[in-house]
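K.L.:
Chains as they are written, first to last, in my numbering: chain A, 108 to 437; chain B, 777 to 860. All residues carry an ideal CB built from backbone N, CA and C; glycine is no exception. As the structure is a prediction and not an experimental result, all values here were calculated from the model.
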C-alpha cells in the first residue's frame, strides 16, 4: 500500500496541495534546518525541496540563487520515488545525472544526499537535501543526521495538517475548509477555472444520537468521511463544517459534473451499511446542496448558496441533491 | 543522553511517557513523536562528534521555531472547538 503511494503522483500532488505550503514566504524552522544541515554536514548547499507537478520549489535554501527549478532536472524527483535516502557520491559517474544541467553548469552539483519528506498519510512531497560541488562520500552518521533533520521537517508539516483537521473524521476543520474554498475561489477569479462546492447534512442525525448514543453517532461521522474519501477524487477536499454537516470542494468541476459527483456520494452513502459497535448496523442517508462558482459571488456567498440548496433538499423530502444552476433534482 | 535544551522543554530524554496535560489530545501523538525525533537528532549529532554547545544551539533553534508553530496550532484548535 505504501509503495503504491510512491507511484501515485496525482494523489501525492493532492497531498502537497493540502499542505498549502507552495509559494509561502520563508519561515524560521525551515530556514534553521537548512542552516544547520549546511553547518553540521559541512556542505555548501542545503535545501528543503517540494516537488510540484512540473517543478521543484524550494521552501528554504542555502547556497543557491534560485527558488525553483524544472522538475525534470531535479535530483529530488528521484528521491521522492523511494522511501530510503538517495545518495549520489559523484554525479559525473551516475548515468541519471551525468548530463544534468545542474551538474554540468551552475550550481555544479557533484554529490547529493536527499531524504524524502513524508506526510502523515504516506506521500513523499519533497526532500531535505545536502549537496556539494565536489565528489563526496556521505557517511552513515551524515545520513543519520540528515534523516533526523528530515523527520523534524516532516513533524512540522504534520503539525500544520493536524491544526487544520477534524480529530474525529480526519476531514478539514471548518476553518481549514473555508481557507481552501477561498483559495479555489481566488483561482476561479484569476484564471476562470470551474469549481463546485457541496454542502452535505446527515438526515435525522439527532435521532441516531438519541436512539443509539453519541459513540454511535461518532461512528457514523467517521464512516461517512471514509465513504466520502473513497468516492471522491484525490484532489477533492472534504471538510467537517459543523456537527453532522460536511462540505466537499470539487476543483475543476463545473455545475453538471458537480451535481453528478454529489449524487455519486449520496448513492454511496445510501448503499453503505454503517457499523455502530457490536453487531449493530444502521442505514443512513444524507441531503446535499450543490453550487458552482460564478463571478458575481464571494467565497462566502458560494458556500451559502450550497447551504440554501441543502435546505431545499431537506424541505423537499431529504435523501436527495439540489442545485441552483441546473435546477436538477434526483 | 541528556540535553539541556530538550530537558527544559520536554524533561529527561528519552522518555516513553510524557505528561502533556496542556497539549490537546489531537496534538499529543505528534508532539511526542517530535520529542523522539529530536532525541534521535541529538544522538546522531553527538555520534558525529559535535560539541554539546553546538548541539544545544542547534536544538534550541529547532525547539523555538517548533514551539511557535505548536502555539499557533493549539490556538487554531481551540478556536475550532469554541466555534463548533
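Applying a beta-carbon distance threshold of less than 9 angstroms, which residues of chain B neighbour residue 230 of chain A?
P.N.:
What residue 230 of chain A touches in chain B: nothing, since even the nearest Cβ is about 17 angstroms away.
K.L.:
Which class does residue 150 of chain A belong to by DSSP, given the choice of helix, strand or coil?
P.N.:
Coil at residue 150 of chain A, not helix or strand.
K.L.:
Decide if residue 258 of chain A is buried, meaning its Cβ has at least 16 other Cβ atoms within 10 Å, or exposed.
P.N.:
buried
K.L.:
Could one say the Cβ of residue 155 of chain A lies closer than 8 angstroms to chain B's Cβ atoms, at least one of them?
P.N.:
The beta carbon of residue 155 of chain A sits no closer than 8 angstroms to any beta carbon of chain B.
K.L.:
Taking 8 angstroms as the limit between beta carbons, can you name the residues of its chain near residue 145 of chain A, skipping five residues before and five after?
P.N.:
Same-chain partners within the cutoff: 151, 152, 153, 169, 170, 237.
K.L.:
Whole angstroms is fine: what's the gap from residue 177 of chain A's alpha carbon to residue 823 of chain B's?
P.N.:
37 angstroms
K.L.:
Would you mind stating whether residue 841 of chain B and residue 136 of chain A have Cβ atoms separated by less than 8 angstroms?
P.N.:
yes
K.L.:
Bridge partners of residue 349 of chain A, per DSSP?
P.N.:
For residue 349 of chain A, which the question treats as bridged, DSSP gives no partner whatsoever.
K.L.:
Below 7 angstroms CB to CB, which residues in the same chain sit around residue 431 of chain A once its five sequence neighbours on both sides are set aside?
P.N.:
For residue 431 of chain A, same chain residues with a beta-carbon under 7 angstroms away, outside a window of 5 residues either side, are 398, 412, 416 in chain order.
K.L.:
Compute the beta-carbon to beta-carbon distance between residue 375 of chain A and residue 395 of chain A, rounded to the nearest angstrom, for a pair I have assumed lies under 8 angstroms.
P.N.:
Separation of the CB atoms of residue 375 of chain A and residue 395 of chain A is rounded to 12 angstroms, and the pair is thereby denied contact status at 8 angstroms.
K.L.:
Report yes or no: do three or more beta-carbon pairs, one from the stretch 381-394 of chain A and one from the stretch 294-304 of chain A, lie closer than 8 angstroms?
P.N.:
no
K.L.:
Against chain A, does residue 826 of chain B count as a neighbour if the rule is that its beta carbon must be under 8 angstroms from one of theirs?
P.N.:
yes
K.L.:
Pop quiz: residue 356 of chain A and residue 291 of chain A are said to be a contact at Cβ under 8 angstroms. What is the actual Cβ separation, rounded to whole angstroms?
P.N.:
6 angstroms
K.L.:
When you compare only the Cα positions, how much space is there between residue 325 of chain A and residue 343 of chain A?
P.N.:
23 angstroms
K.L.:
Going by C-alpha distance, which of A:167, A:382, A:248 is nearest residue 816 of chain B?
P.N.:
A:248
K.L.:
Count the C-beta pairs between the stretch 842-852 of chain B and the stretch 265-275 of chain A that are closer than 8 angstroms, then say yes if the count reaches three, no if not.
P.N.:
yes
K.L.:
Can you list, in chain order, the residues of its chain whose CB lies under 6 angstroms from that of residue 287 of chain A, leaving out five sequence neighbours each side?
P.N.:
344, 356
K.L.:
Quick check on residue 231 of chain A: does DSSP put it in helix, strand or coil?
P.N.:
strand
K.L.:
Can you tell me whether residue 377 of chain A is buried or exposed? The criterion is at least 16 other CB atoms within 10 Å of its CB, across all chains shown.
P.N.:
exposed
K.L.:
Just to confirm, is the Cβ distance from residue 195 of chain A to residue 218 of chain A under 8 angstroms?
P.N.:
yes
K.L.:
With DSSP as the reference, please indicate the residues paired to residue 162 of chain A in a beta bridge.
P.N.:
A:177
K.L.:
List the residues of chain A that residue 798 of chain B touches, going by C-beta distances under 9 angstroms, in chain order.
P.N.:
Listed along the chain, the chain A residues whose CB falls inside 9 angstroms of the CB of residue 798 of chain B amount to none; the nearest CB is some 16 angstroms away.
K.L.:
Could you check the C-alpha separation between residue 422 of chain A and residue 283 of chain A for me, to the nearest Å?
P.N.:
29 angstroms
K.L.:
In terms of DSSP beta bridges, what is residue 221 of chain A paired with?
P.N.:
A:193, A:236
K.L.:
Just curious, the alpha helix (DSSP H) that residue 103 of chain A is in, first and last residue?
P.N.:
Shown here, chain A extends from 108 to 437; a query on residue 103 of chain A therefore has no answer.
K.L.:
Give the interface partners of residue 809 of chain B over in chain A, defined as CB-CB distance under 7 angstroms, in chain order.
P.N.:
262
K.L.:
Excluding five sequence neighbours on each side, which residues of the same chain lie with their C-beta closer than 7 angstroms to the C-beta of residue 341 of chain A?
P.N.:
117, 118, 121
K.L.:
Output needed for residue 352 of chain A: all residues of its chain with C-beta closer than 6 angstroms, excluding positions within five of it in sequence on either side, in chain order.
P.N.:
Correct list, in chain order: 308.
K.L.:
Can you find a heavy atom of the ligand ZN that lies under 7 angstroms from the Cβ of residue 195 of chain A?
P.N.:
You won't find the ligand ZN in this model; it holds no ligand whatsoever.
K.L.:
If we require 3 or more residues per run, which beta strand (DSSP E) segments fall completely within the stretch 302-363 of chain A?
P.N.:
Runs found: 302-309, 344-347, 352-358.
K.L.:
Shorter than 8 angstroms from the beta carbon of residue 855 of chain B to some beta carbon of chain A?
P.N.:
Answer yes: the Cβ-Cβ gap between residue 855 of chain B and chain A drops below 8 angstroms somewhere.
K.L.:
So for residue 864 of chain B, helix, strand or coil by DSSP?
P.N.:
Absent from the structure is residue 864 of chain B, since the part of chain B shown begins at 777 and ends at 860.
K.L.:
In this structure, how does DSSP classify residue 827 of chain B when only helix, strand and coil are distinguished?
P.N.:
coil
K.L.:
Can a CB atom of chain A be found closer than 8 angstroms to the CB of residue 829 of chain B?
P.N.:
no
K.L.:
Name the chain B residues whose beta carbon is nearer than 8 angstroms to that of residue 252 of chain A?
P.N.:
817, 820, 821, 824
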